[in-house]
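Engineer: The following block contains the structure, expressed as structure tokens.
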Amino acid sequence: MPNDNYLSYVRLVLGLYILKILQQESAHGNKLAQEIKQRTQGGYTPNTNALYPLLRIMEERGYVIGEWNSAATRSKRIYTITETGVARIPALEAMMEERLKQVEQKVAILRSDLLGH
């Protein structure tokens, strides 16, 4: 079972991707997942068990607005970023920068210890 630190990292990555994608265009959950997969060159495909709960949280916090596109057909919930969501991006970027520095430090330790360089 993943630990809380890992889960918070996944939420940070996923949340930042969601907001950055929605800055460019509104999208439904599957489109967001596909776009993240493409941007990470297949390195990360969001699990729907992480994506949709996070979208609900982001909607509750006012970062995104979700609206059903059609009541007549099988509808999709289309998400749009809000001004609050746009304003949140710099803080998430700063947190991401710090997390990536921590990862880089750990990788450097592993590289040095295991590979000798």
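Heads up, the sequence shown is in this note's numbering, so the first residue is 27 and it goes up one at a time.
Cβ atoms here follow ideal geometry from the backbone N, Cα and C, with glycine treated the same way.
Who pairs with Arg103 in a beta bridge, going by DSSP?
Structural biologist: Paired residues: Trp94.
Engineer: Residues in its own chain within less than 8 Å of Met122 by CB, not counting five upstream and five downstream?
Structural biologist: For Met122, where only same-chain residues beyond five positions count, the Cβ hits under 8 Å are Leu38, Val39, Leu42.
Engineer: Evaluate Gly111 with the Cβ neighbour count: other Cβ atoms within 10 Å of its Cβ, from every protein chain shown; 16 or more gives buried, anything less gives exposed.
Structural biologist: By the neighbour-count rule (16 or more Cβ atoms within 10 Å), Gly111 is buried.
Engineer: Let's see if you can read the secondary structure: which residues bound the alpha helix (DSSP H) around Thr71?
Structural biologist: Note, Thr71: premise wrong, no alpha helix (DSSP H); not H, not E.
Engineer: Give me the DSSP bridge partner(s) of Ala53.
Structural biologist: In DSSP, Ala53 forms a bridge with Tyr105.
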